[in-house]
Ligand SMILES: Cc1cc2nc3c(=O)[nH]c(=O)nc-3n(C[C@H](O)[C@H](O)[C@H](O)COP(=O)(O)O)c2cc1C
Ligand code: SF4
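In this note's numbering, the protein residues as written are 42 to 592.
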């Protein structure tokens, strides 16, 4: 009994007790002085809140600390903002450090993008990397850096910029964001990847070059049962604005994971763009139905290329099981069908929404995946026929130079271009409450993104980044980014030792895989790879596991 009577005096109930005492005190004082009715109302509301907290069964902390625990929830809620505005320094902050974002904002706005006084990086830290420069530096090239994409089976090759907008769907992005990116792409002569959500009217308004991505949902080219429709595909793929076709096998942030757009978010526009019904969840399966083996994948590439009227056709993936990528390579040799290009996405890539385990721990990081794919194609003498694109946290000229040295022919950026149209990295894309109108379907929130202004920013960000790249490679004594090699980049690997990328990412000799390499990174996976299946070949389990560990 005594215990019960003492309950109100326990520290954890102190706020609640004070609220009740204040309620009665204010009620009494209000009889004398009318102004106390306001205080009474506040205290009474808090008391009722305390009663509610005690009675509810959802949050233990509220039952234990009535009223007071709400402050904890409030602080939790504003924690990201407090960290971003007050605690992060310029080189920290994830996924993109403030410094990385700042340079995008400055370039997009046409502001001064220089820094004073010297580097803030610790150049003796083991993650430090740099590009070696030349005593005989060149004049920066004023030519736009472009690359021709399209192999011998392609009748309409595309001259692409080496820096393009990576795949992001209308649905993940707002209509105004899609418009601004597309208009910016047209102003700058580069391409926007539609993402797997299909070609919307917003992609078409400003006539900027498009890469049409076909995901497992076949949005915009599907039959009512969700299977691929050749007729619907051909009707859109032949539009002149569409320059390339990309089959999405996987995305770095969530490889092997499908997607669901809840029925509530399927607006009439999204339904029309994707060719799906309203009122039901829109499902992206985790695998394709149009093919199930490596050879069938390549046959699908050939079909899309032909249906599109001979446009460059390739696929995008994050490298998973090494033997699966090599199985596709084996299928190329066996069928003679080659994609015009392959885009390698890294696990560090972004997404509108994905489970934490996938975002953090599934799929190969970009540099490892890119090196693996590039070397595999070199080792099979296929590299000269197939272009490689790369995506994964590329926002600066140095980022571009680094992946091009590792073997990429061009780069895509998703979040970099999101910053250019105003994204502030609040990381609430999955809530439909994007504060900048970039990643929301809420029409009122979208209004904050002014297309004409942001399109100019997209254009300037692209232009200034490539200007910076021209200066970077000129400092290395080079005229084009295609001349960058693994020998141009260096990394500190211990306090007193540095290695070139050529040492860190050893190359595979041309034809090495064909000649039967014993390189542990490739030998076991090559043995497991089958052109007729993504499943590994049956190899003696002990041999396979030993060599895979070595790989
Ligand atoms: C909001 C958002 C939506 C995306 N949607 C797609 C998509 O539809 N298809 C796809 O292949 N990748 C998608 N991605 C991944 C990007 O295209 C890109 O591969 C990845 O984010 C790496 O680039 P980044 O680091 O420059 O963002 C999306 C990324 C973001 C941030
Ligand atoms: S501002 Fe926030 S919610 Fe909007 S796109 Fe950027 S990270 Fe996503």
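Glycine residues also receive a C-beta, built at the ideal position from the N, C-alpha and C atoms.
Predicted model only: the values in this text are computed from it and were never measured.
Taking the alpha-carbon positions, what's the residue i to residue j distance?
i, j, result
"residue 118", "residue 256", "35 angstroms"
"residue 180", "residue 515", "6 angstroms"
"residue 494", "residue 447", "35 angstroms"
"residue 564", "residue 558", "6 angstroms"
"residue 341", "residue 380", "10 angstroms"
"residue 537", "residue 544", "16 angstroms"
"residue 352", "residue 481", "32 angstroms"
"residue 424", "residue 439", "24 angstroms"
"residue 250", "residue 279", "13 angstroms"
"residue 475", "residue 306", "14 angstroms"
"residue 509", "residue 148", "10 angstroms"
"residue 172", "residue 274", "44 angstroms"
"residue 319", "residue 327", "21 angstroms"
"residue 610", "residue 404", "Outside the shown range of the chain, which is 42 to 592, sits residue 610, and nothing can be said about it."
"residue 150", "residue 507", "15 angstroms"
"residue 548", "residue 339", "26 angstroms"
"residue 590", "residue 120", "Any reading at residue 590 must be qualified, since the residue scores a pLDDT of 48, below 50, and its modelled position is unreliable; no value is offered."
For residue i, list the residues DSSP reports as bridge partners.
i, result
"residue 254", "287"
"residue 269", "263"
"residue 189", "200"
"residue 234", "252"
"residue 226", "DSSP output for residue 226 lists no bridge partner at all."
"residue 301", "324"
"residue 385", "358, 431"
"residue 211", "214"
"residue 454", "206"
"residue 245", "Bridge partners of residue 245: none, in fact."
"residue 170", "532"
"residue 88", "Paired residue(s): none; residue 88 is not in a bridge."
"residue 539", "533"
Using a Cβ-Cβ cutoff of less than 7 angstroms, which residues in the same chain neighbour residue i once the five nearest sequence positions on both sides are dropped?
i, result
"residue 365", "575"
"residue 54", "48, 107"
"residue 462", "218, 221, 222, 479, 490, 495, 498, 499"
"residue 145", "436, 457, 460, 461, 502"
"residue 525", "442, 445, 446, 514, 519"
"residue 374", "421"
"residue 466", "137, 142"
"residue 300", "325"
For residue i, which residues in the same chain have their Cβ closer than 6 angstroms to its Cβ, ignoring the five residues on either side in sequence?
i, result
"residue 612", "With the chain represented from 42 up to 592, any question about residue 612 goes unanswered, as that position is not in the structure."
"residue 317", "323"
"residue 247", "223, 224, 227"
"residue 67", "77, 80, 81, 84"
Tell me which residues share the same chain as residue i and place their Cβ nearer than 8 angstroms to its Cβ, disregarding the 5 neighbours each side in the sequence.
i, result
"residue 229", "202, 499, 500, 503, 504"
"residue 131", "138, 139, 140, 143, 161"
Tell me, to the nearest whole angstrom, how far the beta carbon of residue i is from that of residue j; I am working on the premise that it is less than 8 angstroms.
i, j, result
"residue 567", "residue 170", "Wrong, their Cβ atoms sit about 30 angstroms apart, outside the cutoff."
"residue 91", "residue 63", "About 11 angstroms separates the two Cβ atoms, so there is no contact after all."
"residue 292", "residue 195", "Incorrect: roughly 24 angstroms between the Cβ atoms, too far for contact."
"residue 384", "residue 355", "7 angstroms"
"residue 287", "residue 254", "5 angstroms"
"residue 455", "residue 207", "4 angstroms"
"residue 420", "residue 552", "7 angstroms"
"residue 239", "residue 261", "3 angstroms"
"residue 572", "residue 371", "4 angstroms"
"residue 205", "residue 234", "7 angstroms"
"residue 464", "residue 477", "6 angstroms"
"residue 237", "residue 258", "6 angstroms"
"residue 77", "residue 70", "4 angstroms"
State whether the segment 448-468 contacts the segment 422-434, with contact taken as three or more CB pairs (one from each stretch) at a distance under 8 angstroms.
-> yes
Looking at C-beta atoms only, is the number of pairs between the segment 327-347 and the segment 312-319 that lie closer than 8 angstroms three or more?
-> no
Would you say the segment 384-402 touches the segment 323-340, given that touching needs at least three Cβ pairs under 8 angstroms?
-> no
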